[in-house]
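Comments concern the structure below.
Numbering (the numbering used here), first residue to last: 4 to 312.
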C-alpha cells in the first residue's frame with residue numbers, strides 16, 4: 004500500500020471510503036470531534052473455518068491417534084475456534100493439547116494471550132516464559148510477554164521485551180508502536196525521541212506507517228483512515244486494517260486521558276469482528292481498564308463527598 008504524503012489523491016480516496024463502507028459517522032464528545040469515520044461491515048463467521056472445525060471434530064472422535072498427533076489437532080482446532088470468536092472452546096483445546104504435549108510452544112503462547120484477556124497476568128507471564136524456554140526465538144511470545152508485563156503494571160520489564168521484539172524487524176510499524184506505547188510509561192520524552200528515530204526506518208508504502216506519523220503529530224485521524232483504504236482489495240482486508248487502526252487510535256487517546264474518545268475507538272475496533280487479531284483482543288482489555296478507572300474515580304468522588312458531610 005502506498006502512502007500519498009502530498010494527499011494529491013485525496014478525493015479519489017474519500018470516494019473509495021464511501022464505496023467500501025456505505026456510510027460514515029461523525030461523533031462529537033467532551034474531547035472534540037472524531038471526524039469522519041469509516042464503519043466496518045462486521046466480518047462474517049468464515050464458512051471454511053466452520054467446516055474445518057467439523058472435520059477436526061470427526062477426526063478427533065473417530066480416528067486412532069497418537070498423543071502427539073491428537074495434541075496437534077487439538078491445537079489447530081483451538082486456533083480455528085479463536086478465529087471465529089469461540090474463545091472458551093479455544094482455551095479448552097489449548098489446555099488439552101498441553102496435557103498431551105507439554106512442550107508445545109505455540110499452545111503455551113496461545114494460552115498466555117487468553118490469560119492477558121482475563122487479566123490474569125501472573126499466569127500469562129508463566130505461559131510466555133514456558134514458550135520461550137521451549138523456543139527462545141518465538142518472536143510473538145516476546146511481544147506478548149511484553150504486553151502482559153505492560154498491562155500488569157511492570158512497564159520497565161515490558162520495555163526490555165518490546166525493544167527486543169523491535170530489534171528483530173526494525174521496518175515493522177507495529178513493533179515501533181508497541182515499543183513507544185510501553186516506553187512512554189517509563190519516559191515519555193525519550194519515547195517520543197526514539198519514535199522519531201525509529202520512523203526513519205519505516206517504509207512510506209506501508210499503510211501502518213501513517214499511524215506512527217499520527218503519534219508523532221505529523222498527520223491527523225482523517226489521514227490515517229485515508230491511508231488505510233489505499234490499495235484495499237477486499238472487505239476482509241479493509242476490516243483487518245480498520246481493526247488495527249482504530250485500536251491504535253484508541254490507545255493514543257486513552258494514554259492522553261481522552262477516555263470517551265478512546266472507548267469509542269476501541270468499540271469501533273471490536274465492531275470489525277476480526278477475532279484473531281491481537282488488536283481486537285486487547286481492545287476488550289482496554290475497555291475493561293477504562294471502566295475500572297471510571298469506577299475508581301466514582302468511588303473516590305463518593306468518598307470525598309462523604310468526608311465533606
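Cβ atoms here follow ideal geometry from the backbone N, Cα and C, with glycine treated the same way.
Query raised in the report: Just to confirm, are residue 124 and residue 155 a CB contact at a threshold of 8 Å?
Result: For this step, residue 124 is matched to residue 121 along the chain shown. For this step, residue 155 is matched to residue 152 along the chain shown. Taking 8 Å as the Cβ cut-off, residue 124 and residue 155 qualify as a contacting pair.
**Report entry** Beta carbon of residue 289 nearer than 8 Å to that of residue 253
**Finding:** Against the chain shown, residue 289 aligns to sequence position 286. Against the chain shown, residue 253 aligns to sequence position 250. The Cβ atoms of residue 289 and residue 253 sit closer than 8 Å to each other.
Requested in this report: Could you round the C-beta distance between residue 215 and residue 231 to whole angstroms and report it? I think they count as a contact, below 8 Å.
Outcome: Locating residue 215 in the chain shown gives position 212, where the first residue counts as 1. Locating residue 231 in the chain shown gives position 228, where the first residue counts as 1. No, residue 215 and residue 231 are not in contact; Cβ-Cβ is about 13 Å, not under 8 Å.
Query - For residue 274, the first and last residue of its enclosing alpha helix (DSSP H) - result: Sequence index remark: in the chain shown, residue 274 carries index 271 (1-based). No alpha helix (DSSP H) contains residue 274, which DSSP labels as neither H nor E.
Requested in this report: Please confirm whether any heavy atom of the ligand FMN lies closer than 7 Å to the CB of residue 188.
Outcome: In the structure shown, the ligand FMN is absent, as is every other ligand, since no ligand is present at all.
**Report entry** Per-residue DSSP class, three states only, for residue 8
**Finding:** Residue numbering aside, residue 8 sits at position 5 when the chain shown is read from its first letter. Any reading at residue 8 must be qualified, since the residue scores a pLDDT of 33, below 50, and its modelled position is unreliable; the value itself is stated next. It is coil, neither helix nor strand.
Query raised in the report: So, do the region 92-105 and the region 272-290 have three or more beta carbon pairs nearer to each other than 8 Å?
Result: Output reads no: the region 272-290 does not touch the region 92-105.
Requested in this report: May I ask which residues mark the beginning and end of the alpha helix (DSSP H) holding residue 58?
Outcome: Locating residue 58 in the chain shown gives position 55, where the first residue counts as 1. Per DSSP, the unbroken alpha helix (DSSP H) holding residue 58 starts and ends at 50-65.
Query raised in the report: Can you tell which of 90, 213, 235 has its C-alpha closest to the C-alpha of residue 225?
Result: Counted from its first residue, the chain shown places residue 225 at position 222. For residue 225, the nearest C-alpha among the options comes from 213.
**Report entry** Cβ neighbour criterion (16 or more within 10 Å) applied to residue 61
**Finding:** Here residue 61 refers to the residue found at position 58 of the chain shown. Of the other Cβ atoms in all chains shown, fewer than 16 fall within 10 Å of the Cβ of residue 61; this residue is therefore exposed.
Query raised in the report: Between the C-alpha atoms of residue 76 and residue 152, what's the straight-line distance to the nearest angstrom?
Result: As a first step, residue 76 must be located in the chain shown, where it is residue number 73. As a first step, residue 152 must be located in the chain shown, where it is residue number 149. Answer to the nearest angstrom: the Cα atoms are 30 Å apart.
Requested in this report: Could you pull out every unbroken alpha helix (DSSP H) segment of at least 4 residues lying fully inside the region 63-113, listed in chain order?
Outcome: Note on the region 63-113: whole alpha helix (DSSP H) runs with a minimum of 4 residues are 70-86, 90-103, in chain order.
Query raised in the report: Since residue 122 is in the alpha helix (DSSP H), which residue starts that stretch and which ends it?
Result: Here residue 122 corresponds to residue number 119 of the chain shown, with the count starting at 1. Looking at the DSSP string, residue 122 is not in any alpha helix (DSSP H), and its letter there is neither H nor E.
Requested in this report: Quick one: measure Cβ to Cβ for residue 142 and residue 168, integer angstroms, because I've assumed they're closer than 8 Å.
Outcome: As a working note, residue 142 is residue 139 in the chain shown. As a working note, residue 168 is residue 165 in the chain shown. Separation of the CB atoms of residue 142 and residue 168 is rounded to 6 Å, and the pair is thereby assigned contact status at 8 Å.
Query raised in the report: Given residue 281, which residues of its chain have a CB within under 6 Å of its CB, disregarding the five upstream and five downstream residues?
Result: On the chain shown, residue 281 is found 278 positions in, with the first residue counted as 1. Nothing listed; no residue qualifies.
Query raised in the report: In terms of residues, what are the limits of the alpha helix (DSSP H) holding residue 242?
Result: As a first step, residue 242 must be located in the chain shown, where it is residue number 239. 238-258 is the extent of the alpha helix (DSSP H) around residue 242.
Query raised in the report: Over what stretch of residues does the alpha helix (DSSP H) that includes residue 45 continue unbroken?
Result: Here the question's residue 45 lines up with position 42 in the chain shown. Looking at the DSSP string, residue 45 is not in any alpha helix (DSSP H), and its letter there is neither H nor E.
Report task. Work out the CA separation of residue 87 and residue 49 for me, nearest whole Å. Result -> In the chain shown, counting from the first residue as 1, residue 49 sits at position 46. In the chain shown, counting from the first residue as 1, residue 87 sits at position 84. Straight-line Cα distance between these residues: approximately 7 Å.
Query raised in the report: DSSP three-state call for residue 335: helix, strand or coil?
Result: For the chain, the structure presents residues 4 to 312; residue 335 sits outside this window and is missing.
Requested in this report: Compare the C-alpha of residue 300 against each of 262, 269, 267 and name the closest.
Outcome: As a first step, residue 300 must be located in the chain shown, where it is residue number 297. Put simply, of 262, 269, 267 the residue whose alpha carbon is nearest the alpha carbon of residue 300 is 262.
**Report entry** DSSP three-state assignment for residue 33, whether helix, strand or coil
**Finding:** Working through the chain shown from its first residue, we reach residue 33 at position 30. Annotation note: pLDDT 36 at residue 33 (below 50); position unreliable, coordinate value reported separately. Residue 33: coil per DSSP, three-state reduction.
Query raised in the report: From which residue to which residue does the alpha helix (DSSP H) around residue 174 run?
Result: The residue labelled residue 174 in the question sits at position 171 within the chain shown. Note, residue 174: premise wrong, no alpha helix (DSSP H); not H, not E.
Query raised in the report: Rounded to the nearest angstrom, how far is the Cβ of residue 284 from that of residue 114, given a contact under 8 Å?
Result: Position 281 of the chain shown, counted from the start, is the residue given in the question as residue 284. Position 111 of the chain shown, counted from the start, is the residue given in the question as residue 114. With a contact defined as Cβ atoms closer than 8 Å, residue 284 and residue 114 miss out at about 13 Å.
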